[in-house]
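Presented below is the structure to which this report refers.
Number of protein chains: 2
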Amino acid sequence: MNAKKTTQQAPECKEQLIAIKDTMILLSGKWKIQIIGWLLLYGKVRFMDMLRGIEGIAAKMLSKELQELEQNQILARTVMPTKPVTVEYELTEHGKTLSGVIEAVSAWGITHRKFLFKKER
Amino acid sequence: MNAKKTTQQAPECKEQLIAIKDTMILLSGKWKIQIIGWLLLYGKVRFMDMLRGIEGIAAKMLSKELQELEQNQILARTVMPTKPVTVEYELTEHGKTLSGVIEAVSAWGITHRKFLFKKER
DNA sequence: CAACTTAGTTTCATAAAGGAAACCAGTTTC
DNA sequence: GAAACTGGTTTCCTTTATGAAACTAAGTTG
Numbered sequence: 172m173n174a175k176k177t178t179q180q181a182p183e184c185k186e187q188l189i190a191i192k193d194t195m196i197l198l199s200g201k202w203k204i205q206i207i208g209w210l211l212l213y214g215k216v217r218f219m220d221m222l223r224g225i226e227g228i229a230a231k232m233l234s235k236e237l238q239e240l241e242q243n244q245i246l247a248r249t250v251m252p253t254k255p256v257t258v259e260y261e262l263t264e265h266g267k268t269l270s271g272v273i274e275a276v277s278a279w280g281i282t283h284r285k286f287l288f289k290k291e292r
Numbered sequence: 172m173n174a175k176k177t178t179q180q181a182p183e184c185k186e187q188l189i190a191i192k193d194t195m196i197l198l199s200g201k202w203k204i205q206i207i208g209w210l211l212l213y214g215k216v217r218f219m220d221m222l223r224g225i226e227g228i229a230a231k232m233l234s235k236e237l238q239e240l241e242q243n244q245i246l247a248r249t250v251m252p253t254k255p256v257t258v259e260y261e262l263t264e265h266g267k268t269l270s271g272v273i274e275a276v277s278a279w280g281i282t283h284r285k286f287l288f289k290k291e292r
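Respectively, the protein sequence lines represent chains A and B. Here the first sequence is numbered in our numbering, starting from 172 and rising by one per residue. Here the second sequence is numbered in our numbering, starting from 172 and rising by one per residue.
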């Protein structure tokens with residue numbers, strides 16, 4: 172995983188770095204990863220549940236982020252024929268393949284918290 | 172990993188979701204994850220190497236992102252006593268614990284590319 | 001001394017992200 | 001019918017993020 176550079180030439184662009192860029196284009200922003208984490212934890216979720224549950228998100232943002240994730244086939248939107256119409260969102264099979272990313276991000280957050288705690292004492 | 176909601180109450184806030192939020196605060200932006208990916212691949216890297224190698228980044232951005240990552244103890248900055256001063260950046264031990272995240276992000280980018288490819292034919 | 005290198009910083013400007021609040025449409029309950 | 005609920009959309013506004021280009025500072029080379 173190491174390749175020292177002594178010249179001033181830029182190293183060739185590794186596929187992994189391109190893949191990182193591609194992924195981050197889809198997941199950038201303050202809310203997308205949180206939304207996906209929610210769907211991984213809770214399965215099918217209604218719009219208002221997310222709006223109330225994801226602290227601080229505004230309806231406009233939630234709506235926009237859900238649309239973008241749907242366009243990228245990360246999640247699916249289903250309108251239910253209930254009394255007041257409800258809409259359910261859930262991860263697609265492809266969306267579920269993000270679980271590795273979400274879990275890694277989540278695990279590191281906990282690692283980082285411990286790191287900060289160790290330091291301050 | 173599933174907890175259906177039928178009530179209108181928001182589900183309690185899971186630790187994992189907080190951890191996701193914490194992590195994304197540190198890694199948000201267009202460049203940070205790419206920079207960390209670079210340092211994981213190449214070890215010690217000089218400022219100008221990154222500036223030339225990370226496609227599209229401007230000096231101001233690189234400088235700012237490196238400062239933020241240093242403040243969060245993800246990487247370390249070392250001024251080398253060379254002819255024209257050079258500065259080396261490398262991940263700290265703590266920064267290296269991000270490898271799981273970076274690898275997951277990178278791997279998913281490749282998964283996603285395959286998914287798109289399968290669909291279009 | 002002029003020109004070039006490294007490693008930035010500063011300035012000026014634009015683009016993208018995010019948010020609060022009001023509004024809309026359909027349905028239901030009081 | 002008034003009020004409430006679901007799931008949004010629209011408007012207006014503020015904050016961040018990002019960028020290109022010029023500029024600084026110290027040392028090096030021709």
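Backbone N, C-alpha and C define an ideal beta-carbon position, used for all residues, glycine too.
For residue j and residue i, believed in contact at Cβ under 8 angstroms, the rounded distance
i        : j        : result
B:ILE273 : A:GLY280 : About 14 angstroms separates the two Cβ atoms, so there is no contact after all.
B:ALA247 : B:GLU261 : 6 angstroms
B:ARG223 : B:VAL258 : Contact doesn't hold; Cβ gap of about 15 angstroms is too wide.
A:LEU275 : B:GLY200 : Going by the sequence as given, residue 275 of chain A is Ala instead of Leu. So it is not a contact: roughly 18 angstroms between Cβ atoms.
A:TRP209 : A:MET221 : 6 angstroms
Candidates the options: closest to residue i by CA position
i        : options                                : result
A:GLU186 : B:LYS235, B:LEU212, B:LYS254, B:GLY227 : B:LEU212
A:TRP202 : B:ASP193, B:TRP209, B:LEU269           : B:ASP193
A:GLN244 : A:LYS215, A:LYS290, A:LEU197, A:ALA278 : A:LEU197
B:MET251 : B:LYS290, B:LYS215, B:ILE189           : B:LYS215
B:THR268 : A:THR263, A:SER277, A:GLU291           : A:SER277
B:PRO255 : B:MET219, B:MET232, B:ARG292, B:LYS231 : B:MET219
A:LEU240 : A:LYS290, A:THR263, A:ILE189, A:ILE228 : A:THR263
Beta carbon of residue i nearer than 7 angstroms to that of residue j
i        : j        : result
B:GLU236 : B:ILE206 : yes
B:HIS265 : A:PHE286 : yes
Cross-chain neighbours of residue i in chain B, by beta carbon under 8 angstroms
i        : result
A:GLN205 : LEU188, ILE191, LYS192, MET195
A:LEU269 : TRP279
A:ARG284 : ALA190, ASP193
A:THR254 : Note that residue 254 of chain A is Lys in the sequence shown here, rather than Thr. None at all; the shortest Cβ gap to chain B is about 13 angstroms.
Chain A contact residues for residue i, given Cβ-Cβ distances below 7 angstroms
i        : result
B:ALA275 : GLY271, VAL272, ALA275
B:LYS185 : LEU212
Within chain A, the residues that residue i reaches when beta carbons sit closer than 8 angstroms
i        : result
B:GLY208 : GLN187, LEU188, ILE191
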